[in-house]
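K.L.:
From first to last, the protein sequence lines are chains R and Y.
Every position in the first sequence, counted from 1, becomes a number in our numbering once 5 is added.
Every position in the second sequence, counted from 1, becomes a number in our numbering once 424 is added.
Here it is, the structure, as structure tokens.
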Amino acid sequence: MNIVVCLKQVPGTTEVKIDPQTNTLIRQGIENIINPFDTYAIEEGVRLKEKDGGKVTVITMGPSQAEAALRESISLGIDEAILLCDNAFRGADTWATAFTLSCAVKKLQQYDLIICGRQTIDGDTGQVGPELAEMLDIPFIAYVGQIEEIKDGYLRVRRMVEEGHEILETTLPAVITVAKEINVPRLPSLRGIMKSKSAKIDTWGIRELGVEESMVGLPGSSTQVIKIFFPQRVHQAEMLEGNPEKQVDTLIDRLKSAGLC
Amino acid sequence: MDYFLDEQQKTIRDLARKIAEERILPVRAELDEKEEFPWDIVKDLADADMFRVFVPEEYEGLNGGCLELCLVVEELSRVCSGVAVTYAASALGCMILMEYGTDEQKQKFLPDIAAGKKLSAFAITEPTAGSDASNIKTTAEKVEGGYLLNGTKQFITNGGEAEIYTVIALTDKTRGARGASAIIVEKDTPGFTFGKKEKKLGIRASATRELVFKNCLVPEENLLGKPGLGFIQAMRLFDRSRPGIGAQAVGLAQGALEAATDYARERVQFNQPLITIPVVQNMLADMAIQVEAARALVYAAARYVDSGAKNVTEESAMAKVFASDAAMKVTVDAVQICGGSGYMRDYPVEKMMRDAKILQIYEGTNQILRNAIAINLRKRKARTA
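In structure tokens:
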């Protein structure tokens, strides 16, 4: 079984500050981590390999610093890591990211299962996984909470939905995104860390992927971030007077007049 | 302070800290309260290769020495000293094997200990042999097919939980301590049973039990080194393991210092945080000095052991005595700074204070070790006089 895990390196905080002058994220002094949702993808990939054998390859697109995330994944049991790094990839939206990842997966040639985290904690879109499946023209299942069975060309999973779960079957290859219910990610091992320090990491750019600059990065993106800003906070509170019955009546009137009920 | 640790030592320390904070911290109060043996954490430590740290490379270890072991013990003890001693006792249990065992013996036992599949334990203490360690009564009579063990070992850390025990017993009872030998006994050997689990003041996550031998036949190939050298092997073992107890003390004191500092920053009395009050500042500063001085001495002693020095009795005794006395004082002061809250089980410092006391008692009481240091002072003076 050849398993591919896609991950993203993200700032290790959900309280990123924005530079009001440039409208960009202030990344200084913030430690980068593997997107927490992707740690479940790594763990599941490694568990499947430990159970049934095979190979797990991790791919990330990002700046050269993202190599640290790849080395960390190797310390957790990943076999091979590929960094998609090229100036041309800068400014990619989810579409261009998924396209670039799909080119890398195609270049690998052999893949049975592609595992992604359900979303990132910085972009929060949850789009890259399904887009990747579309571009590879293979089945996709989101929010997988358990892999029930996997064998040659066949996968059965438990998918988390709001009020319970669904059991889905699909052919392989396929893309799944995993929810945190699927496992408890392990801590690295000392031997894993030592191996990761000397592991060879391949870097692929547009030349290796054989794509045009216009298809990736900002030029290949359907969307552009024009501006990032904090919404203005307006505090308006009104205290309702009278006994509880009167307060409830007043509240209902207000909600009605505001068209909210 | 920078102790100039190398890359691998830093990696070991950082991962031990990560395990302590992510896996031990959330359950330490519960482990203490329920006096529960931390099997889940032992598995985490095993998965992270922590039991490989003190084992030679050829037996699937990572070839670390006394200092590497100290770094792990310190980090674990910073969060829970009960877990730290469980880990350290497994190292203690196989140290005579590593030092005096044959290649065959090491191949048989060490890889499983390195993988954390099996814990080990060391057994010398008996009801009649505490500080008077040579007064052991357990016998290992040479019979056809091996040694027949009879007797009782007391207060054995990891007792009942470990699979591999190094037991000091008399193979020649006419010669007293000079007739003692170190023998490996595996759990489930017929005639080998355990007494009740002791209820302790502190380090309550760790297991302490009696080992009871009644006509327990152990194969001859389980003897470590030559017969009659068991007591000397044990004394040499403690010389090399005592910095580990020092490290346990440093970690514990560090944890208490951090907890007291956090509390002093948040707690407001007389309209000001405690940490701005000079008397509290002085207490915290004294605690910090004790911790750092203890750490420096422990690391220096550990490095001295790793240098291959022949006689490390004094240095390792100093490290153990100084660090454990510091841990006792620092934890008592941590409770004092945290006041009424510190006395309550909702805060971690009362546990730390309870955990500290044993450090002045086991692996040689601080009084016995001071004797050993003084004997060396006398001997040196006598040589130069």
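The C-beta atom is built at its ideal place from N, Cα and C for all residues, glycine as well.
1) Say whether chain Y places a C-beta atom closer than 9 Å to the C-beta of Ile198 of chain R.
2) Do Val722 of chain Y and Cys494 of chain Y count as a contact pair if the criterion is CB distance below 9 Å?
3) Under 8 Å Cβ-Cβ, which residues of chain Y neighbour Pro249 of chain R?
4) Going along chain Y in order, which residues have a C-beta closer than 8 Å to the C-beta of Leu192 of chain R?
5) Relative to the C-alpha of Asp430 of chain Y, which candidate in Y:Val759, Y:Lys803, Y:Glu492, Y:Asn800 has its C-alpha closest?
6) Thinking Ala46 of chain R and Cys121 of chain R are a contact (beta carbons under 8 Å), I'd like their distance in whole angstroms, please.
7) Out of R:Phe145, R:Gly150, R:Ser201, state which residue places its alpha-carbon closest to the alpha-carbon of Glu186 of chain R.
8) Please compile the residues from chain Y whose C-beta is within a distance smaller than 9 Å of the C-beta of Leu195 of chain R.
9) Would Leu783 of chain Y pass as a contact of Ala741 of chain Y if the rule is Cβ separation under 9 Å?
10) Quick one: Cα of Ile669 of chain Y to Cα of Arg441 of chain Y, how far?
11) Just to confirm, are Val497 of chain Y and Leu455 of chain Y a CB contact at a threshold of 9 Å?
12) For Asp438 of chain Y, would you say it is in contact with chain C, using Cβ-to-Cβ distances shorter than 9 Å as the test?
13) If you draw a straight line from the alpha carbon of Pro190 of chain R to that of Glu48 of chain R, how long is it in whole angstroms?
14) DSSP on Ile782 of chain Y, reduced to helix/strand/coil?
15) Can you list, in chain order, the residues of its chain with a C-beta nearer than 6 Å to that of Ser404 of chain Y? Leave out the 5 residues immediately preceding and following it.
16) Among the residues of its own chain, which have a CB less than 7 Å from the CB of Pro41 of chain R, if the five just before and after it don't count?
17) Could you give the uninterrupted runs of the alpha helix (DSSP H) lying entirely in the stretch 740-792 of chain Y, keeping only those of 4 residues or more?
18) For Leu572 of chain Y, which of Y:Ile608, Y:Ser555, Y:Glu716, Y:Glu550 has the nearest alpha-carbon?
19) Cα-Cα, which of R:Thr208, R:Ile83, R:Leu113, R:Lys60 is closest to Arg196 of chain R?
20) Quick check for students: name the residue ranges of the beta strand (DSSP E) that lie wholly in the stretch 111-176 of chain R, counting only runs of 3 or more.
21) Can you tell me whether DSSP reads Phe546 of chain Y as helix, strand or coil?
22) Ignore the nearest five residues each way along the sequence and tell me which others in Asp117 of chain R's own chain have a CB closer than 6 Å to its CB.
23) Answer yes if the stretch 784-804 of chain Y comes into contact with the stretch 658-672 of chain Y, meaning at least three C-beta pairs across the two stretches below 8 Å, and no otherwise.
24) Residue range of the alpha helix (DSSP H) that Asp675 of chain Y falls in?
25) Can you check which of these residues, Y:Ala564, Y:Glu585, Y:Val451, is closest to Gly600 of chain Y by C-alpha distance?
26) Taking only three categories from DSSP, how would you classify Thr590 of chain Y?
27) Are the stretch 67-84 of chain R and the stretch 212-231 of chain R touching by the rule of at least three beta carbon pairs closer than 8 Å?
28) I want to know whether the stretch 432-450 of chain Y touches the stretch 550-563 of chain Y - three or more CB-CB distances under 8 Å.
29) With a Cβ-Cβ cutoff of 9 Å, do Ile537 of chain Y and Val479 of chain Y count as a contact?
30) Do Ala453 of chain Y and Arg769 of chain Y come within 9 Å of each other at the CB atom, strictly closer than that value?
31) Find the nearest neighbour of Val636 of chain Y within the set Y:Ile713, Y:Gly583, Y:Arg447, judged by alpha-carbon distance.
32) Do Thr510 of chain Y and Ser411 of chain Y come within 9 Å of each other at the CB atom, strictly closer than that value?
33) Hey, how far is the Cα of Ile87 of chain R from the Cα of Tyr427 of chain Y?
34) Which residue comes first and which comes last in the beta strand (DSSP E) that contains Gly66 of chain R?
35) Can you list, in chain order, the residues of its chain with a C-beta nearer than 8 Å to that of Phe235 of chain R? Leave out the 5 residues immediately preceding and following it.
P.N.:
Based on what the coordinates show:
1) Answer yes: the Cβ-Cβ gap between Ile198 of chain R and chain Y drops below 9 Å somewhere.
2) For Cys494 of chain Y and Val722 of chain Y, yes; Cβs fall inside 9 Å.
3) What Pro249 of chain R touches in chain Y: nothing, since even the nearest Cβ is about 38 Å away.
4) Under the 8 Å cutoff, chain Y gives Leu439, Lys442, Ile443, Glu446, Arg447, Asp468, Asp471, Ala472.
5) Nearest C-alpha to Asp430 of chain Y: Y:Glu492.
6) That belief holds up - the Cβ atoms of Ala46 of chain R and Cys121 of chain R are roughly 6 Å apart, short of 8 Å.
7) For Glu186 of chain R, the closest alpha carbon among the candidates R:Phe145, R:Gly150, R:Ser201 is that of R:Gly150.
8) In chain order: Gln432, Thr435, Ile436, Leu439, Ala472, Asp473, Met474, Arg476, Val477, Leu486.
9) It is not a contact, given that the beta carbons lie outside the stated cut-off.
10) Rounded to the nearest angstrom, the gap between the Cα atoms of Ile669 of chain Y and Arg441 of chain Y is 18 Å.
11) In this structure, Leu455 of chain Y does not lie closer than 9 Å to Val497 of chain Y by Cβ.
12) Absent from the structure is chain C; the protein chains it does hold are R and Y.
13) Their backbone Cα atoms lie some 5 Å apart in a straight line.
14) Three-state result, Ile782 of chain Y: helix.
15) Outside the shown range of chain Y, which is 425 to 809, sits residue 404 of chain Y, and nothing can be said about it.
16) The residues are Ile126.
17) Here the runs fully enclosed are 773-781.
18) When only C-alpha atoms are compared, the closest one is Y:Ile608.
19) The shortest Cα separation from Arg196 of chain R among R:Thr208, R:Ile83, R:Leu113, R:Lys60 belongs to R:Ile83.
20) Runs found: 118-122, 145-156, 159-166, 169-176.
21) Note: Phe546 of chain Y maps to strand in three-state DSSP.
22) Excluding five sequence positions before and after Asp117 of chain R, the CB atoms of its chain that fall closer than 6 Å to its own CB belong to Met6, Asn7, Leu177, Pro178, given in chain order.
23) Yes: at least three Cβ pairs fall under 8 Å.
24) The residue asked about is misnamed: residue 675 of chain Y is Gly in this sequence, not Asp. Here the alpha helix (DSSP H) through Gly675 of chain Y covers 654-690.
25) Distance check between Gly600 of chain Y and each of Y:Ala564, Y:Glu585, Y:Val451 places Y:Ala564 closest, using alpha-carbon atoms only.
26) If DSSP states are grouped into helix, strand and coil, Thr590 of chain Y belongs with the strands.
27) Contact between the stretch 67-84 of chain R and the stretch 212-231 of chain R is not established, with fewer than three Cβ pairs separated by less than 8 Å.
28) Result no; under three Cβ-Cβ pairs closer than 8 Å.
29) Closer than 9 Å, so yes.
30) Inclusion of Arg769 of chain Y and Ala453 of chain Y in the CB contact set at 9 Å is warranted, their separation being smaller than that value.
31) That would be Y:Gly583, whose Cα lies nearest to the Cα of Val636 of chain Y.
32) One cannot answer for residue 411 of chain Y here, as it falls past the ends of chain Y, which runs 425 to 809.
33) Inter-residue distance for Ile87 of chain R and Tyr427 of chain Y is about 36 Å (C-alpha atoms, whole angstroms).
34) The amino acid at residue 66 of chain R is misidentified as Gly; the sequence shows Met. Here the beta strand (DSSP E) through Met66 of chain R covers 60-66.
35) So the qualifying residues of the chain are Ile23.
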